[in-house]
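Trainee: According to my numbering, the sequence shown holds residues 11 to 369 in order. The following block contains the structure, expressed as structure tokens.
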Amino acid sequence: MTHGVDYIADKGLGALSVGAASFTYAKITCMSEPTFFVGDVPVYGDVILSPMAGYSDVPYRALCRSYGSAMHYTEFVPVDSLLGRRIHERYYRRLDKKPGEKPMVFQIFGNDAQNLLAGAQRLEALEPDIIDINMGCSTRKVSGRGAGVGMMPQPELVAETFRLLTTHLSVPVTGKIRLGWEESRKNYLEIAHIMEDNGAALIAMHARTKTQKYGGKADWDAIAELQAAVSVPVIGNGDVQTPADIDRMKAHTGCDAVMIGRAAMGNPWIFARIPNDDVSYGEVVTAVRFHLSEMVAYYGETDGVILFRKHLKRYLRPFAFTQSFLPEMLAVQTQAELEDVLERSGEMAAIWDKASSLC
Numbered sequence: 011m012t013h014g015v016d017y018i019a020d021k022g023l024g025a026l027s028v029g030a031a032s033f034t035y036a037k038i039t040c041m042s043e044p045t046f047f048v049g050d051v052p053v054y055g056d057v058i059l060s061p062m063a064g065y066s067d068v069p070y071r072a073l074c075r076s077y078g079s080a081m082h083y084t085e086f087v088p089v090d091s092l093l094g095r096r097i098h099e100r101y102y103r104r105l106d107k108k109p110g111e112k113p114m115v116f117q118i119f120g121n122d123a124q125n126l127l128a129g130a131q132r133l134e135a136l137e138p139d140i141i142d143i144n145m146g147c148s149t150r151k152v153s154g155r156g157a158g159v160g161m162m163p164q165p166e167l168v169a170e171t172f173r174l175l176t177t178h179l180s181v182p183v184t185g186k187i188r189l190g191w192e193e194s195r196k197n198y199l200e201i202a203h204i205m206e207d208n209g210a211a212l213i214a215m216h217a218r219t220k221t222q223k224y225g226g227k228a229d230w231d232a233i234a235e236l237q238a239a240v241s242v243p244v245i246g247n248g249d250v251q252t253p254a255d256i257d258r259m260k261a262h263t264g265c266d267a268v269m270i271g272r273a274a275m276g277n278p279w280i281f282a283r284i285p286n287d288d289v290s291y292g293e294v295v296t297a298v299r300f301h302l303s304e305m306v307a308y309y310g311e312t313d314g315v316i317l318f319r320k321h322l323k324r325y326l327r328p329f330a331f332t333q334s335f336l337p338e339m340l341a342v343q344t345q346a347e348l349e350d351v352l353e354r355s356g357e358m359a360a361i362w363d364k365a366s367s368l369c
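This is how it looks when you write it as structure tokens:
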């Protein structure tokens, strides 16, 4: 299913550029050798956008891919929503992808192996490259029902799930985990071995426990342990805030790729390994306009502009002078109105830059 949006690679764009670098999906896939494989699926690159509920939609993935994100996940979908006569529109849209958006990972969650298999088999008709089992979501609504990270205290369920899916699906099956439920119940190595022994093609790990959620410090030593313990590719996740952190995590852990979530919000340049401080306001506006146009083309103007507001605040946060424009930007109803405010804010940025150079 498509929503009338041309994919970046189809346009042959080289327009999104920052500093000396310019990244497009087409350039990424023209790398001579894959960075690693997920089963038989090649991945070109070592920085990946994390699946994030409410953010990892088609327009945002297009933006992040244009700056270098090498593989994309859908927002996670409850497997129960896939088992009825028809997939609910809310979740069907989460499973949308653009032509040529590869490799594309469909992520699902649940607490019953047979249901996970049935849901995954239904998803195969939508032609994902990979199907991923979410075993990392720490919200009470999910984990409290034995799904997400709630699967980790149930090794038998993990084994049955991966055995069934890898036996009956034609695409690679992967999983994203955490360290475990809590500090005293870390079982990531046990779970990783179970996953690998039952056919998992890749393991991604957020190096925190369920009880930590997003607090405390991510344990990169645990990612290094995981990398050494399994033969399938490992993606590390947690406390990657800057381009330097990407290289530090890879050097510290040996992981095959780094997954970035919250730090990429309003900061797609991190996928191009460009520090946020090196990005000018004009370059931010270029990305904002591209992202906004994708949102409007995909969701329609009214919904696209409204849904874009949460992104806009993150883009503008580093620029103090934009705060006087923010209320007006968040109140606009059309793309043209927002473009007008962006134009005026750009004029203010030029004045701000000139004043700063005189100091």
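We put the beta carbon where it would ideally sit given N, CA and C, even for glycine. Note that the structure is predicted; figures quoted are calculated from it, not measured.
Identify every run of the alpha helix (DSSP H) within the stretch 59-118, keeping only runs that are complete inside it and at least 4 residues long; order them along the chain.
Mentor: Taking only runs of at least 4 residues, the alpha helix (DSSP H) segments lying wholly in the stretch 59-118 are 68-76, 99-104.
Trainee: On the three-state DSSP scale, how would you describe Y35?
Mentor: Here the model assigns Y35 a pLDDT of 40, short of 50, so the residue's position is not dependable, and the following value carries that caveat. Note: Y35 maps to helix in three-state DSSP.
Trainee: When we look at the beta-carbon of D231 and count the other beta-carbons within 10 Å, is it buried (16 or more) or exposed?
Mentor: So D231 counts as exposed.
Trainee: Measure from the alpha carbon of S334 to the alpha carbon of each residue in G314, G356, K320, S42, then state which is nearest.
Mentor: S334 has its Cα closest to that of G356, out of G314, G356, K320, S42.
Trainee: Tell me whether P163 sits in a helix, a strand or coil according to DSSP, three-state version.
Mentor: DSSP places P163 in coil when its eight states are reduced to three.
Trainee: Whole angstroms are fine: how far does the CA of V242 sit from the CA of G190?
Mentor: So the alpha carbons of these two residues sit roughly 20 angstroms apart.
Trainee: Does the beta-carbon distance from G185 to A217 come in below 7 angstroms?
Mentor: Not a contact, by the Cβ cut-off of 7 angstroms.
Trainee: Going by the C-beta, is P243 closer than 6 angstroms to any heavy atom of the ligand MN?
Mentor: No copy of the ligand MN appears in this structure; indeed no ligand is present at all.
Trainee: How many angstroms separate the CA atom of P52 from the CA atom of D106?
Mentor: Each residue's Cα considered, the two are about 21 angstroms apart.
Trainee: Could you pull out every unbroken beta strand (DSSP E) segment of at least 3 residues lying fully inside the stretch 231-304, listed in chain order?
Mentor: Listed in chain order, they are 244-247, 267-270.
Trainee: Which stretch, first to last residue, makes up the beta strand (DSSP E) that contains T184?
Mentor: Residues 183-187.
Trainee: Across the stretch 155-162 and the stretch 121-139, are there enough close Cβ pairs to call them in contact, namely three or more that are closer than 8 angstroms?
Mentor: Judged by Cβ distances under 8 angstroms, the stretch 155-162 makes contact with the stretch 121-139, as three or more pairs qualify.
Trainee: Suppose you measure from the CA of S200 to the CA of A238; what does that come to, to the nearest Å?
Mentor: In the sequence on display, residue 200 carries Glu and not Ser. Approximately 13 angstroms between the Cα atoms of the pair.
Trainee: Do you know offhand how far P182's Cα is from L92's?
Mentor: Rounded to whole angstroms, P182 to L92 spans 19 angstroms at the Cα level.
Trainee: Determine whether the beta carbon atoms of T263 and G246 lie at a separation below 7 angstroms.
Mentor: Yes; because the gap between Cβ atoms is below 7 angstroms, this pair is in contact.
Trainee: Sorted by chain position, which residues of the same chain lie with C-beta nearer than 7 angstroms to L351's C-beta, five sequence neighbours on each side aside?
Mentor: The amino acid at residue 351 is misidentified as Leu; the sequence shows Val. Around V351: F335, E338, M339, V342.
Trainee: Here's a check: name, in chain order, each residue in its chain whose Cβ is nearer than 6 angstroms to the Cβ of V87, leaving out the five neighbours to either side.
Mentor: Counting only Cβ-Cβ distances below 6 angstroms, and skipping sequence neighbours, we find Y101, R104, I118.
Trainee: Have a look at P134 and I141 and give me their C-alpha separation to the nearest angstrom.
Mentor: It is worth fixing the name first, because residue 134 is Glu in this sequence and not Pro. C-alpha separation (whole angstroms): 9 angstroms.
Trainee: In or out: Q222 buried (at least 16 other Cβ within 10 Å) or exposed?
Mentor: Under this definition Q222 is a buried residue.
Trainee: Which of the three DSSP states is assigned to N144 in this structure?
Mentor: If DSSP states are grouped into helix, strand and coil, N144 belongs with the strands.
Trainee: Is it the case that the Cβ atoms of R188 and G248 are separated by a distance below 7 angstroms?
Mentor: It is not a contact, given that the beta carbons lie outside the stated cut-off.
Trainee: Grouping DSSP H, G and I as helix and E and B as strand, with all else coil, what is A157?
Mentor: DSSP places A157 in coil when its eight states are reduced to three.
Trainee: Can you tell me the Cβ-Cβ gap for Y291 and F329, rounded? I've got them flagged as a contact below 8 angstroms.
Mentor: So it is a contact: roughly 6 angstroms between Cβ atoms.
Trainee: Can you name, in chain order, every residue of its own chain whose Cβ lies under 7 angstroms from the Cβ of A128, other than the five neighbours on each side?
Mentor: Around A128: L93.
Trainee: Looking at C-alpha atoms only, which residue of S303, L302, D255, K260 is the closest neighbour of I280?
Mentor: The candidate whose alpha carbon is nearest that of I280 is D255.
Trainee: Using a 10 Å radius around the Cβ and a threshold of 16 neighbouring Cβ atoms, would you call H178 buried or exposed?
Mentor: H178 is exposed by the Cβ-count criterion.
Trainee: How would you label Y198, buried or exposed, when you count the other beta carbons within 10 angstroms and need 16 or more for buried?
Mentor: Its Cβ being crowded by 16 or more others within 10 Å, Y198 is buried.
Trainee: Could you give the C-beta distance for I204 and V152, rounded to a whole number, given that I count them as a contact under 8 angstroms?
Mentor: Incorrect: roughly 20 angstroms between the Cβ atoms, too far for contact.
Trainee: In angstroms with no decimal places, state the Cα-to-Cα distance between M62 and A273.
Mentor: Spanning the two alpha carbons is a distance of roughly 12 angstroms.
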